[in-house]
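Structure, as C-alpha cells:
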Amino acid sequence: MGRLDGKVALITGASSGLGRAAALRFLREGARVVLGDVDVQGGAEALAAVPAESRANGLFQRLDVSREEDCQAAVDAALQRWGQLDIALANAGIGAPGFLAALARSDWERVLAVNLTGVFLTTRCAFRAMQGRGGSLLVMSSVAGLEGTPSLGAYGASKAGVLQLVKTLALEGARYGIRANAVCPVWTDTPMVDAFIKVMGLGREAGRARLLKDIPLGRLATPEDVANACLYLASDEAAFVTGVTLPVDGGHTAGRTSAG
Ligand SMILES: NC(=O)c1ccc[n+]([C@@H]2O[C@H](COP(=O)([O-])OP(=O)(O)OC[C@H]3O[C@@H](n4cnc5c(N)ncnc54)[C@H](O)[C@@H]3O)[C@@H](O)[C@H]2O)c1
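The opening position of the sequence shown corresponds to residue 1 in this note's numbering, with each subsequent residue numbered one higher.
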C-alpha cells in the first residue's frame, strides 16, 4: 500500500531537481501527479523516468507560475483528469545571485515574480480547489529564507516571504481542513547548486567543499532527502501538522559548527 494512495497532487517545477524527485516519489507512493513546469523537454524526461506501470498516473502541464491563468489551468487539469486535488507542492524557483548593491532591479523583480508571487498564485488556485474536501499545501522555501546569505539577497527575501505566506495559509485553511507547511532545504545536489558555485568563481569540487563546511552531517542534501520530507508533510501521517517550517539541512541551522 502506498502512503499517498488515492491522492492527487500538483507539483510545480517538476521537470528538474527537487520537483522531479518529489514527483517520482509521490507517484511511487500511489499518488496521481500533475507535473507543472515551463520546461517541456525536462517534463518529458521526468515522465520517462516513471516506471511504465505508473506512467498513466503522471500528467505534464506546461505552466509559468508567475501567470495565474497557467496555475489555474494546472489545477483544472488535475480536476478534469482525476476529479480532485489533495496536494499542491509549490516548488518552482529560480535564483539571481549577486550582491544587493549591484543587483539589477529586473533580477530582483524576476525572482520575486517566480519565487514569491508564483507561490501565492499556485497555492491560492489550489486552495480554492481544496476548499470542499481539505488538502495539503506545501511550499519549497530554503535555509536562505531563515538566515542571510551573501549573494542571495533577492532569493532569501523571496524564501522568507513564502514562510510568512504558509503561516497565514495554515490559519486561513484550518476551517476547511487545508494544511499548509514549508520545507527549508540546505544546499541540495541539483543544477541550481552548480550554477551558484559558478557564481562563487570556484571549480565544482572546491565549491562543494566550501558549501560542506556549513553542513554538520558532512554532505549536500539529495533531492530524495527533500522529497521524503515533502512526502511526510503531504501524507495523512502529518494530519495534525500545519503552519510549520521543516528544515532539511543536515544540522545547518542548529548552530555554529565550531566553538571558535
Ligand atoms: N538546490 C538547492 O540547493 C535548493 C536549496 C533550497 C531550496 N531550493 C528550492 O527548491 C526548488 C527547486 O530547486 P532545484 O534545486 O530543484 O532547481 P532546478 O533548477 O533543478 O529546478 C527548478 C525547476 O523550476 C522550473 N521553473 C523555473 N521557473 C519556473 C516558472 N516560472 N514556472 C514554472 N516552472 C519554473 C525550472 O524549469 C526547473 O525545472 C526551488 O524553489 C529552489 O529555490 C533548492
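Glycine included, every Cβ here is placed at the ideal spot set by N, Cα and C.
Look at the beta carbons and you see the stretch 220-234 touching the stretch 179-190: at least three pairs across the two are nearer than 8 Å. Annotated three-state conformation of Ser136 is strand, per DSSP. With a cut-off of 8 Å on Cβ pairs, the stretch 46-55 is not in contact with the stretch 241-255, counting fewer than three such pairs.
Counting only the Cα atoms, Ala22 lies some 22 Å from Ala170. In the three-state DSSP reduction, Thr123 falls in the helix class (H, G or I).
Leaving aside the five residues that flank Val38 on each side, the residues in its chain whose CB is nearer than 6 Å to its CB run, in chain order, Asp64.
Measuring C-alpha to C-alpha distances from Arg28 to each of Arg3, Gly19, Arg204 identifies Arg3 as the nearest. Where Leu35 is concerned, the enclosing beta strand (DSSP E) starts and stops at 32-37. Approximately 5 Å separates the beta-carbon atoms of Leu163 and Gly145; this is inside 8 Å, confirming the contact. Within 10 angstroms of the beta-carbon of Pro150 lie fewer than 16 other beta-carbons, which makes it exposed. In the three-state reduction of the DSSP assignment, Ala254 falls in the helix class, which pools H, G and I. Using a C-beta cut-off of 8 Å, the stretch 155-162 makes contact with the stretch 132-145, since at least three inter-stretch Cβ pairs fall below that distance. Boundaries of the beta strand (DSSP E) harbouring Pro185: 178-185, taken from the DSSP string. For Leu152, the secondary structure class from DSSP, reduced to helix, strand or coil, is strand. Around the beta-carbon of Leu79, fewer than 16 other beta-carbon atoms lie within 10 Å, marking it exposed.
Within the same chain, Gln84, Asp86, Gly177 come within 8 Å of Arg133 by CB-CB distance, once the 5 residues on both sides are set aside.
With a cutoff of 7 Å, Thr190 counts as near ligand 1, since its C-beta is closer than that to a heavy atom of the ligand. Within the same chain, Cβ atoms closer than 6 Å to the Cβ of Leu246 are found at Val183, Ala229, the five residues on either side in sequence being excluded. Around the beta carbon of Met1, fewer than 16 other beta carbons sit within 10 angstroms, so the residue counts as exposed. Residue state for Leu63 is assigned as coil, using DSSP reduced to three classes.
If only complete runs of 4 or more residues are kept, the stretch 214-254 shows the alpha helix (DSSP H) at 223-234, in order along the chain.
Short of 6 Å from the beta carbon of Ala31, and not among the five residues preceding or following it, lie these beta carbons of its own chain, in chain order: Leu4, Lys7, Ala9. Distance from the C-beta of Met140 to the nearest heavy atom of ligand 1 is below 7 Å.
Ligand 1 approaches Thr12 closely enough that one of its heavy atoms is under 7 Å from the residue's Cβ. The C-beta separation of Ala73 from Leu138 comes to about 20 Å, leaving the pair out of contact by the 8 Å criterion. Leaving aside the five residues that flank Arg179 on each side, the residues in its chain whose CB is nearer than 6 Å to its CB run, in chain order, Ser136, Thr242.
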